[in-house]
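Numbering (my numbering), first residue to last: 193 to 554.
Think of the CB as a built atom: it goes at the ideal place given N, C-alpha and C, for glycine as much as any other residue.
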């Protein structure tokens with residue numbers, strides 16, 4: 193029967209617990225859920241995360257407080273003899289490990305690094321800066337940060353040295369004397385004597401050929417007092433000299449001799465030697481060349497040339513008047529022929545072929 197079956201069915205465990213509970217036990221216990229352990233674990237994890245975040249924030253704030261560097265309270269630059277002494281007062285909470293000192297010269301936008309002074313230094317010497325006015329700055333530093341720069345007093349900076357008034361340079365006085373002389377090699381050598389108290393920076397040398405216009409041939413820096421004029425053609429030459437500096441040029445000084453310097457005879461061409469002989473020196477591979485000057489010879493020098501095995505002639509050497517001999521020592525095996533010609537500056541005569549005409553075999 194259904195009713196009988198219902199009466200015999202077993203009592204559920206929770207209901208049985210409630211039936212067996214005495215009135216003194218009060219409120220019946222809440223049935224337990226299977227998710228309670230998970231909720232408790234999650235809550236604990238959230239609490240731990242919050243604590244960790246708070247600790248990290250505190251640590252960061254502490255680190256920032258330790259790494260930031262405060263600007264020095266004060267700084268001053270003082271001139272001492274030939275140097276500048278920079279002193280500073282650190283901040284009350286100073287945690288710098290070094291102090292960086294820079295300077296700026298009046299008229300410049302750049303701050304030049306003087307150096308880094310390790311703490312607890314409070315001063316640094318800037319050794320002998322050039323003349324001028326300087327400003328200084330100090331920066332407190334540690335491993336991770338640097339402070340704002342503290343500009344040092346005095347406000348106008350430190351003036352080092354005494355500014356000198358610029359006095360305009362006077363135009364130089366012309367040289368006292370000047371002389372031109374012919375050299376054996378055909379050059380003309382000019383020497384001069386400067387004026388007392390000479391303030392020239394250089395000297396301008398000019399030249400005139402056969403009475404024509406003077407043209408510039410060279411500039412000599414002071415304090416040099418000589419000039420060598422090379423590569424000159426036959427003719428008569430006069431020279432002049434002017435002293436110069438940034439303020440101007442002196443009047444001209446004409447160089448002696450009064451009639452100028454003559455190279456060769458302008459009225460006639462150079463005359464070649466009348467004869468020439470080449471002779472092998474016994475027991476050697478050397479050749480001696482000798483020549484005879486013309487009766488009306490006006491040469492300043494003689495040029496000796498040679499050809500090997502019928503090839504082109506090349507210069508062996510030059511001998512100044514009145515020399516009439518040259519020894520050729522740099523000879524390799526072969527057949528050699530020689531010539532000689534007269535020379536005055538850039539002017540040369542015709543050539544004289546040396547005997548024997550068939551040449552000398554080495």
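Shown here for residue 409: same chain residues with a beta carbon closer than 7 Å to its own, the five before and five after excluded, namely 397, 398, 399 and 421 in chain order. Taking 7 Å as the cut-off, the Cβ atoms of residue 523 and residue 486 do not count as close. Contact check for residue 290 against residue 315 fails: the beta carbons are separated by 7 Å or more. The beta carbon of residue 540 lies closer than 8 Å to those of 462, 495, 533 and 534 in the same chain, with the five residues before and after it left out. Beta-bridge partners assigned by DSSP to residue 413: 394.
For residue 365 and residue 385, the gap between their C-alpha atoms comes out near 12 Å.
For the stretch 435–490, the continuous beta strand (DSSP E) assignments of 3+ residues that do not extend past its boundaries occur at 453–455, 467–472 and 479–484, in sequence order.
Around the beta carbon of residue 435, a 10 Å sphere encloses 16 or more other beta carbons of the protein chains shown; the residue is thus reported as buried. Judged by their CB atoms, residue 468 and residue 372 are not nearer to each other than the 7 Å cut-off. By DSSP's assignment, residue 497 forms a beta bridge with 507 and 531.
Counting other Cβ atoms within 10 Å of its Cβ, residue 319 stays below 16 and is therefore classed as exposed.
Within 10 angstroms of the beta-carbon of residue 362 lie fewer than 16 other beta-carbons, which makes it exposed.
Residues of the same chain with a CB within less than 7 Å of the CB of residue 375, apart from the 5 flanking positions on each side, are 381 in chain order.
Restricting attention to 517, 554, 444 and 423, the CA atom closest to the CA of residue 475 is found in 554. Going by C-alpha positions, residue 423 is about 31 Å away from residue 438.
Looking from the CA of residue 433, the closest CA among 426, 273, 326 and 442 belongs to 442. Listed in chain order, the non-local C-beta contacts of residue 296 below 6 Å within the same chain comprise 303 and 327, local neighbours out to five positions each way being set aside.
Scanning its chain for C-beta atoms nearer than 6 Å, with the 5 sequence neighbours on each side dropped, one finds around residue 551 the residues 527, 528 and 529, in chain order. Beta bridge pairing from DSSP links residue 336 with no other residue.
By the neighbour-count criterion, in which 16 or more other beta carbons inside 10 Å mark a residue as buried, residue 520 falls on the buried side.
The beta carbon of residue 262 is closer than 7 Å to those of 283, 285, 286, 332 and 339 in its chain, skipping five residues each way along the sequence. Classified as exposed, residue 407 has fewer than 16 neighbouring CB atoms from the shown chains inside 10 Å of its CB.
With distances taken between CA atoms, residue 368 lies nearest to 417 out of 393, 330 and 417. For residue 323, the closest alpha carbon among the candidates 308, 349, 478 and 517 is that of 349. With respect to the C-alpha of residue 271, the residue from 387, 492, 542 and 325 having the closest C-alpha is 325.
Among the bridge pairs identified by DSSP, residue 547 is matched with 469.
Taking the CA atoms as reference points, residue 379 sits about 30 Å from residue 478. When rounded, the separation of the alpha-carbon atoms in residue 451 and residue 472 is 46 Å. When rounded, the separation of the alpha-carbon atoms in residue 390 and residue 341 is 52 Å.
Straight through space, the alpha carbons of residue 370 and residue 383 are spaced by roughly 6 Å.
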